[in-house]
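Numbering (the working numbering), first residue to last: 527 to 590.
Beta carbons are placed, not taken as given, at the ideal position from N, Cα and C, and that holds for glycine.
The structure displayed is predicted, hence computed values, not measured ones.
Notes follow the structure.
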(Lines of atoms letter the chains of each structure in order from A and count residues from 1; the text may use other names and numbers.)
(Lines give C-alpha, C1' and ligand atoms only; values in the text may rest on other atoms or scores of the structure.)
Protein backbone atom coordinates (compact mmCIF):
# COMPACT_ATOMS: atom_id res chain seq x y z
CA UNK A 1 0.00 0.00 0.00
CA UNK A 2 2.76 2.42 0.93
CA UNK A 3 4.74 1.63 -2.21
CA UNK A 4 1.69 2.37 -4.36
CA UNK A 5 1.20 5.75 -2.69
CA UNK A 6 4.91 6.58 -2.90
CA UNK A 7 5.13 5.65 -6.58
CA UNK A 8 2.01 7.67 -7.40
CA UNK A 9 3.34 10.76 -5.61
CA UNK A 10 6.75 10.42 -7.28
CA UNK A 11 5.11 10.03 -10.70
CA UNK A 12 3.00 13.15 -10.16
CA UNK A 13 6.07 15.03 -8.91
CA UNK A 14 7.97 14.04 -12.05
CA UNK A 15 5.17 15.05 -14.42
CA UNK A 16 3.96 18.16 -12.59
CA UNK A 17 6.32 19.37 -9.83
CA UNK A 18 4.15 22.41 -9.00
CA UNK A 19 1.44 20.07 -7.71
CA UNK A 20 3.69 19.14 -4.77
CA UNK A 21 3.02 22.56 -3.25
CA UNK A 22 -0.70 21.90 -3.10
CA UNK A 23 -0.03 18.37 -1.86
CA UNK A 24 1.91 19.78 1.10
CA UNK A 25 -0.95 22.13 1.99
CA UNK A 26 -3.58 19.39 1.70
CA UNK A 27 -1.43 17.08 3.83
CA UNK A 28 -1.08 19.75 6.51
CA UNK A 29 -4.85 20.33 6.58
CA UNK A 30 -5.56 16.59 6.84
CA UNK A 31 -3.05 16.26 9.67
CA UNK A 32 -4.74 19.07 11.61
CA UNK A 33 -8.13 17.40 11.12
CA UNK A 34 -6.69 14.08 12.33
CA UNK A 35 -5.18 15.68 15.43
CA UNK A 36 -8.45 17.48 16.18
CA UNK A 37 -10.58 14.33 16.03
CA UNK A 38 -8.15 11.83 17.61
CA UNK A 39 -9.28 12.47 21.22
CA UNK A 40 -12.92 12.14 20.21
CA UNK A 41 -12.27 8.84 18.43
CA UNK A 42 -10.40 7.57 21.50
CA UNK A 43 -13.34 8.50 23.75
CA UNK A 44 -15.84 6.81 21.44
CA UNK A 45 -13.79 3.59 21.45
CA UNK A 46 -13.56 3.73 25.24
CA UNK A 47 -17.33 4.15 25.54
CA UNK A 48 -17.90 1.26 23.14
CA UNK A 49 -15.69 -1.01 25.22
CA UNK A 50 -17.57 0.02 28.36
CA UNK A 51 -20.84 -0.86 26.66
CA UNK A 52 -19.52 -4.32 25.84
CA UNK A 53 -18.18 -4.91 29.34
CA UNK A 54 -19.81 -7.82 31.16
CA UNK A 55 -20.26 -5.66 34.24
CA UNK A 56 -22.72 -3.47 32.38
CA UNK A 57 -24.26 -6.08 30.06
CA UNK A 58 -25.38 -8.57 32.73
CA UNK A 59 -27.69 -6.24 34.72
CA UNK A 60 -29.44 -5.15 31.53
CA UNK A 61 -29.96 -8.72 30.32
CA UNK A 62 -31.47 -9.64 33.68
CA UNK A 63 -33.92 -6.75 33.41
CA UNK A 64 -35.00 -7.72 29.91
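Per DSSP, reduced to three states, the secondary structure at residue 544 is coil, with no helix or strand assignment. For residue 554, the three-state secondary structure derived from DSSP is helix. In this structure, the straight-line span from the alpha carbon of residue 541 to that of residue 558 is close to 28 Å. Residue state for residue 527 is assigned as coil, using DSSP reduced to three classes.
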